[in-house]
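S.K.: Here you go, one structure.
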Amino acid sequence: MPEFQVEMHWRCSTCRVDNLGRYKVCQNCGKPKGDEAYYRSGTATPTLADAVTDPALLKQATAGEDWACSYCGSQQRRDSGECAECGAEQGQAERPAPLEPPVIPPNGRQPLSKGKRIGIGCGALFLLMFLGCCWAFRTRQVEAQVVERSWNHTVSVERYKIVDEEGFSKPSDALNPSAQGQRVHHVDKVQDGTRRESYSESVACGETCSKSPVRCTSNKNGFESCSSGDERCSTKYCSETRYRDVAVYKDVPRYAEWYAWRAWRWAHQRDITDQGASEPPTWASDERVALEKACGAGEKERATRVPSYRIVFEENNKKKAHHEWKPPTQLEFDELPLGSRRTIEVNGLDDKMRILTKP
Ligand SMILES: [Zn+2]
Ligand SMILES: [Zn+2]
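All the letters of the sequence shown, read from the start, carry residue numbers -18 to 340 under my numbering.
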């Protein structure tokens, strides 16, 4: 950590001219240096290139602080012995020199962190949006009336009959199965040699070094003492290309015999539908369903009733929003003729509704 001396400046308070730190008398107007502060010319941190090399100046720089004459107020070099202005002897005339303002580094003060302020702003915005969503999707209770209704009664008829089927494996009840030839059953991944690929690896390769910043303190005599920074080193890493072999796979199709056959199965045959709005729901008559009327030898039929109901509520307010509801039973459908009023609860998120009260 080598030390070096750098000359400072002071500005004459009478004629405003800049003087080198070595002079204790203004080189322009002859006024002796008083309380004027020494300062660094320029804002850059001194480097070794700014170091004082002249032996006489070096001696002056390291002689110690200036002293102030209590008789005439001028400032004098530590090694002067007596006041150059009034001749007073140093030992009797010296009074403590006034405090100098500290040398201000170029990047002294840091403004308040901008990132922190943005973070707080974003947080507040997200909270506001979250609350807005909660309000928009809240569950509401509203008065509503039935403005639309419809019902659908379907009789679904299945028939037990002979159907065509095909596949890789035939069931035990398959009738006259026949082989249809080989088809791709599935595809296997099989290793097919290797492939050389490159990859990069991080390897130590020397050091990277940097110097800590130069620090200076005023000698309070027109010079400042600076120390060049310590060198700090860390291991440097380089990327190296390496090679390795990796397995390569190929698709190999596997074949199996494909069959076609016939079999007795229950299969959907027909639907007989009644539908309406306000009239009481009905089911298709036995004549219309005509179960097993057109069956062949060995065939049979069965019927399943599939009901579905739909009610549309309209809110009794300015929005007049509509909400659809599917009553699960005919009983609940019958209890809601056109114009029926109910208190309903609407979920804002999926628009699902449920009935809360009867009138
Ligand atoms: Zn001057
Ligand atoms: Zn004096």
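Just so it is clear, CB atoms sit at the ideal spot from N, CA and C, and this is done for glycine as well.
Being a predicted model, the structure only gives us computed values, none of them experimental.
Measure the C-alpha to C-alpha separation of residue 10 and residue 207 and round it to an integer number of angstroms.
M.R.: Near 31 angstroms, if we compare the C-alpha coordinates of residue 207 and residue 10.
S.K.: How would you call residue 87, buried or exposed, if buried means at least 16 neighbouring beta carbons within 10 angstroms?
M.R.: Interpretation of residue 87 is limited by its pLDDT of 49, a score under 50 that renders its predicted location unreliable; no figure is taken from the coordinates.
S.K.: Residue 55: buried (16+ other C-beta within 10 angstroms of its C-beta) or exposed?
M.R.: With 16 or more other Cβ atoms within 10 Å, it is buried.
S.K.: Rounded to whole angstroms, what is the Cα-Cα separation between residue 61 and residue 12?
M.R.: Residue 61 and residue 12: Cα-Cα distance of roughly 18 angstroms.
S.K.: Three-state secondary structure (DSSP) at residue 98?
M.R.: Here residue 98 sits in helix by DSSP.
S.K.: Judging by CA-CA distance, which residue of 39, 298 and -11 is the nearest neighbour of residue 199?
M.R.: Closest by alpha carbon: -11.
S.K.: Examine ligand 1 and report whether any of its heavy atoms sits within less than 7 angstroms of the Cβ of residue 195.
M.R.: Not under cutoff, so the answer is no.
S.K.: Does ligand 2 have even one heavy atom less than 7 angstroms from the beta-carbon of residue 66?
M.R.: Yes.
S.K.: Looking at the structure shown, is residue 197 part of a helix, part of a strand, or coil, going by DSSP?
M.R.: Looking at residue 197 - three-state DSSP - the assignment turns out to be strand.
S.K.: Note down the Cα distance separating residue 228 from residue 171, rounded to an integer number of angstroms.
M.R.: Answer to the nearest angstrom: the Cα atoms are 10 angstroms apart.
S.K.: Using 8 angstroms for Cβ pairs, my map puts residue 161 next to residue 237. What's the rounded Cβ distance?
M.R.: About 11 angstroms separates the two Cβ atoms, so there is no contact after all.
S.K.: For residue 1, which beta-bridge partners are listed by DSSP?
M.R.: Paired residue(s): -10.
S.K.: Are residue 203 and residue 52 close, meaning C-beta to C-beta below 8 angstroms?
M.R.: Contact: no.
S.K.: What's the gap between the Cα of residue 1 and the Cα of residue 64?
M.R.: One C-alpha to the other measures close to 19 angstroms.
S.K.: From this set, 337, 321 and 142, which residue's C-alpha is nearest residue 328's C-alpha?
M.R.: Selected option, being the one with the closest Cα: 337.
S.K.: Could you pull out every residue in the same chain whose Cβ sits closer than 8 angstroms to the Cβ of residue 126, ignoring the five residues on either side in sequence?
M.R.: If we look at residue 126 and ignore the five residues flanking it on each side, its Cβ neighbours are 294, 295, 297, 320, 321, 322 and 323.
S.K.: Would you call the region 164 to 179 and the region 219 to 227 in contact, with 3 or more CB pairs under 8 angstroms?
M.R.: The answer is yes - the region 219 to 227 touches the region 164 to 179, with three or more Cβ pairs under 8 angstroms.
S.K.: Tell me where the beta strand (DSSP E) around residue 204 begins and ends.
M.R.: Unbroken beta strand (DSSP E) run through residue 204: 204 to 208.
S.K.: What are the partner residues of residue 233, as DSSP defines its beta bridges?
M.R.: Answer is 169.
S.K.: Could you name the residues of the same chain whose beta carbon sits closer than 7 angstroms to that of residue 166, not counting the 5 residues immediately before and after it, in chain order?
M.R.: Excluding sequence neighbours, residue 166 sits near 149, 235, 236 and 237.
S.K.: Which residue's Cα is closest to the Cα of residue 37: 21, 3, 191 and 195?
M.R.: For residue 37, the nearest C-alpha among the options comes from 3.
S.K.: Just how far apart, CA to CA, sit residue 14 and residue 24?
M.R.: Roughly 23 angstroms between the two C-alpha positions.
S.K.: Any heavy atom of ligand 1 within a distance shorter than 7 angstroms of the CB on residue 5?
M.R.: No - ligand 1 has no heavy atom lying nearer than 7 angstroms to the Cβ of residue 5.
S.K.: Skipping 5 residues on each side, what residues in its chain have a beta carbon closer than 6 angstroms to that of residue 164?
M.R.: Cβ within range, chain order: 239.
S.K.: Report buried or exposed for residue 110, applying the criterion of at least 16 other Cβ atoms within 10 angstroms of its Cβ.
M.R.: Flag for residue 110 reads exposed.
S.K.: Starting from residue 42, trace the alpha helix (DSSP H) both ways and give me its first and last residue.
M.R.: Where residue 42 is concerned, the enclosing alpha helix (DSSP H) stretches over 36 to 42.
S.K.: Find the nearest neighbour of residue 173 within the set 230, 222, 145 and 30, judged by alpha-carbon distance.
M.R.: The option with the nearest alpha carbon to residue 173 is 230.
S.K.: What separation, rounded to the nearest whole angstrom, lies between the Cα atoms of residue 78 and residue 212?
M.R.: The pLDDT assigned to residue 78 is 48, lower than 50, so where the model puts this residue is not dependable, and the model offers no usable value.
S.K.: With DSSP as the reference, identify every bridge partner of residue 120, one or two as the case may be.
M.R.: Residue 120 is bridged to 328.
S.K.: Measuring only the C-alpha atoms, how far is residue -7 from residue 5?
M.R.: Cα to Cα, the separation comes out at about 10 angstroms.
S.K.: Whose C-beta lies closer than 8 angstroms to the C-beta of residue 21 among residues of the same chain, with five residues either side of it excluded?
M.R.: Excluding residues within five positions, the ones whose Cβ falls inside 8 angstroms are -13, -11, -10, 27, 84, 197 and 205.
S.K.: Ligand 2 and residue 52: does the residue's C-beta get closer than 7 angstroms to at least one heavy atom of that ligand?
M.R.: Indeed, a heavy atom of ligand 2 lies less than 7 angstroms from the Cβ.
S.K.: Residue 271 to residue 281, Cα distance in whole Å?
M.R.: Distance between the alpha carbons of residue 271 and residue 281 is about 12 angstroms.
S.K.: How about residue 263 and residue 137: are their beta carbons less than 8 angstroms apart?
M.R.: No, the Cβ-Cβ distance between residue 263 and residue 137 is not below 8 angstroms.
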